[in-house]
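Take a look at the structure set out below.
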Amino acid sequence: MSLVVALLPAGCSWSSQEPGLFRTPAPGPIDPTPTPTAVWTPSDNPRLPVLGAWVWASADGTGTRYRIAVHAVRRVVAATVLDWSVTPLTGPGDRVGAVLPDVPDLGLTRFSEGNLNVVLLDRSHDAALRPLTAVGQGSQQHCLCTPPWVVQRVLRFGVTTLLQAAFPALPRGVDRVDVDITTLPVFPDVPVTPEGEAPFGTDATAAAALARPGTPAGPVVRTPDFAYPSPPGQRLRLGVVSVLAGPGTTSVSWTIESRSDGNEITGITVPPLVATDHDQRYGYAGGYASAPSVVAVDGRRRSPLVARSLTTDLSGLHQQECLCTDLRLWTKGLVRAGTTATVVTDLPALPRGARTVDIAFPGLPVLRDIPVHRITAPTVAAVTEPAPVRTWTFRMEDPQAGWPVDQWPTPVPNPRQLGGYQATVDRLR
1 MSLVVALLPA GCSWSSQEPG LFRTPAPGPI DPTPTPTAVW TPSDNPRLPV LGAWVWASAD
61 GTGTRYRIAV HAVRRVVAAT VLDWSVTPLT GPGDRVGAVL PDVPDLGLTR FSEGNLNVVL
121 LDRSHDAALR PLTAVGQGSQ QHCLCTPPWV VQRVLRFGVT TLLQAAFPAL PRGVDRVDVD
181 ITTLPVFPDV PVTPEGEAPF GTDATAAAAL ARPGTPAGPV VRTPDFAYPS PPGQRLRLGV
241 VSVLAGPGTT SVSWTIESRS DGNEITGITV PPLVATDHDQ RYGYAGGYAS APSVVAVDGR
301 RRSPLVARSL TTDLSGLHQQ ECLCTDLRLW TKGLVRAGTT ATVVTDLPAL PRGARTVDIA
361 FPGLPVLRDI PVHRITAPTV AAVTEPAPVR TWTFRMEDPQ AGWPVDQWPT PVPNPRQLGG
421 YQATVDRLR
């Protein structure tokens with residue numbers, strides 16, 4: 001993974017491919033095309049803060065690469081907003097300013113729900129804040145956000161699009177949260193800006209750097225080939241790209257590589273792609289990337305760390321969900337030999353001082369002495385200042401599709417619409 005700006009110690013950078021073949025439908029039958037407001041061209045804003053970014057590459061055969069960045073977490077009236085962005089870097093027809101020739105899928109829409117698969121983790125209260133979601137009879141399920149199924153249609157090569165999602169209000173005293181975007185490692189300890197203010201960057205090159213080329217890296221270690229049982233006969237191989245240890249979460253980025261042609265994977269709940277006890281541990285959505293267990297190599301006998309979970313009360317399921325990538329979103333992506341998809345599994349924090357780990361996938365040889373890389377809170381030079389309050393309102397017939405970087409700080413959701421949205425705070429386990 002290519003983590004930039006502030007989340008890694010000096011001299012360290014990684015890149016990783018992420019799954020790009022997703023079959024996530026837009027929510028319900030309403031699927032409007034956003035109204036274009038202008039032809040966007042590359043713009044710059046030396047005051048845009050960049051708290052961290054990952055390079056993410058699709059596995060749909062196009063090789064399109066993106067940089068996904070986090071810019072701020074802001075308190076607003078009766079809510080919290082996450083400001084983030086997507087910048088397409090390279091791919092077919094990658095002339096700067098050109099719309100992507102094929103509508104991509106960023107893999108961030110929750111399977112069968114139409115909601116955004118991003119959560120804010122408040123470690124001090126073991127809480128997971130989900131995006132505010134429309135409620136009420138006849139309401140079209142959607143989050144109070146710039147919907148990914150709309151944003152994906154207007155992305156342009158070399159152009160950064162600022163995005164936003166609204167979450168429940170954070171408790172008083174919470175000044176940092178972890179940002180978990182399901183296809184990426186966690187962004188740890190992102191500072192929370194007080195209501196009525198916004199962060200402004202002091203690095204004049206940070207915003208322009210979002211469009212610079214990024215090169216994904218491959219696994220540092222791989223398992224032997226194995227025959228996956230569903231469909232029978234197709235051969236796969238797993239690999240570990242990186243182990244990133246934050247103050248509250250360890251993110252393991254790993255690959256699934258097709259070694260032979262096959263049909264669409266149907267038994268996505270079968271080890272070694274998921275944990276052997278996945279159904280007992282996580283009652284919700286068996287197709288999550290729960291497979292790896294991790295043991296720190298420090299001379300002590302320790303129990304393996306397994307994927308973290310959170311409750312899923314939004315849909316009234318009252319079950320546990322793995323804090324990791326949903327494998328069901330790209331099962332068609334491995335039908336061709338040589339195709340690789342990268343997923344992320346989030347586990348509890350590693351012991352301090354752990355420099356290497358052993359990782360086990362069910363039924364496969366243990367991968368040993370994999371290096372650990374520490375990620376810390378953002379240290380980007382930025383200042384917090386009062387910001388003019390502009391607002392926007394979600395309209396299903398014309399959803400908000402984002403803003404250019406010169407619009408920072410972007411508008412925030414109009415508080416008058418919050419009564420139509422449900423606030424969900426799940427428990428982090």
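Heads up, the sequence shown is in the UniProt record's numbering, so the first residue is 1 and it goes up one at a time.
Glycine included, each C-beta is placed from N, C-alpha and C at the ideal position.
What's the gap between the Cα of residue i and the Cα of residue j?
| i | j | result |
| --- | --- | --- |
| A289 | R352 | 25 Å |
| I256 | T339 | 8 Å |
| V86 | R300 | 42 Å |
| R355 | L367 | 15 Å |
| N414 | L144 | 10 Å |
| E264 | P148 | 25 Å |
| A165 | V81 | 6 Å |
| P224 | A217 | 19 Å |
| V159 | V389 | 25 Å |
| G233 | G420 | 50 Å |
| L418 | A78 | 8 Å |
| V220 | V241 | 6 Å |
| residue 498 | Y66 | Outside the displayed range of the chain (1 to 429) lies residue 498, so it cannot be described from this structure. |
| H142 | D369 | 43 Å |
| R237 | F226 | 6 Å |
| N45 | F187 | 22 Å |
Could you spell out where the beta strand (DSSP E) holding residue i opens and where it closes?
| i | result |
| --- | --- |
| V177 | R176 to I181 |
| P148 | Careful: P148 lies outside any beta strand (DSSP E), inside the alpha helix (DSSP H) at P148 to V151. |
| H142 | Here H142 belongs to no beta strand (DSSP E), and DSSP marks it neither H nor E. |
| E197 | E197 to G201 |
| P365 | From DSSP, P365 is part of no beta strand (DSSP E); its letter is neither H nor E. |
| V295 | S293 to A296 |
| A165 | T161 to F167 |
| I268 | I268 -> no beta strand (DSSP E), and no H or E assigned at all. |
| W84 | A79 to T90 |
| E385 | A382 to P386 |
| L157 | Residue 157 is actually Phe in this sequence, not Leu. It is not in any beta strand (DSSP E) - F157 carries neither H nor E in the DSSP assignment. |
| V357 | T356 to A360 |
| D189 | F187 to T193 |
Use the C-beta contact count for residue i: other C-beta atoms within 10 angstroms, 16 or more gives buried, fewer gives exposed.
| i | result |
| --- | --- |
| D189 | buried |
| P168 | buried |
| T250 | buried |
| A134 | buried |
| V412 | buried |
| E321 | buried |
| G246 | buried |
| D426 | buried |
| T393 | exposed |
| P404 | buried |
| P386 | exposed |
| T266 | exposed |
| A127 | buried |
| A423 | buried |
| A275 | buried |
| T109 | buried |
| residue 441 | Residue coverage of the chain in this structure runs from 1 to 429, which leaves residue 441 outside it and unanswerable. |
| D398 | exposed |
| S193 | Note that residue 193 is Thr in the sequence shown, not Ser. T193 should be labelled buried. |
Below 9 Å between beta carbons: does that hold for residue i and residue j?
| i | j | result |
| --- | --- | --- |
| A291 | F361 | yes |
| A211 | V96 | yes |
| L327 | V344 | no |
| V179 | L120 | yes |
| G363 | P304 | no |
| P104 | L116 | no |
| P191 | D203 | no |
| G402 | V70 | no |
| T325 | T182 | yes |
| L162 | W56 | no |
| P371 | V243 | yes |
| A107 | L329 | Note on residue identity: the sequence assigns Gly, not Ala, to residue 107. In contact: G107 and L329 (Cβ atoms closer than 9 Å). |
| R235 | S260 | yes |
| T312 | P213 | no |
| L323 | A307 | yes |
| A72 | P49 | yes |
Looking at the strands, I want to know which residues DSSP matches up with residue i.
| i | result |
| --- | --- |
| R235 | A227 |
| A134 | Y421 |
| G52 | V70 |
| E257 | R237 and T340 |
| R212 | In DSSP, R212 forms no bridge with anything. |
| H373 | L244 |
| L347 | T250 |
| E321 | L310 |
| L120 | L129 and V179 |
| T391 | V412 |
| L428 | L310 |
Between which two residues does the alpha helix (DSSP H) containing residue i stretch?
| i | result |
| --- | --- |
| A207 | A206 to A209 |
Between residue i and chain B, is there a C-beta pair that is closer than 9 Å?
| i | result |
| --- | --- |
| A204 | In the displayed structure, chain B is absent; only one protein chain is listed. |
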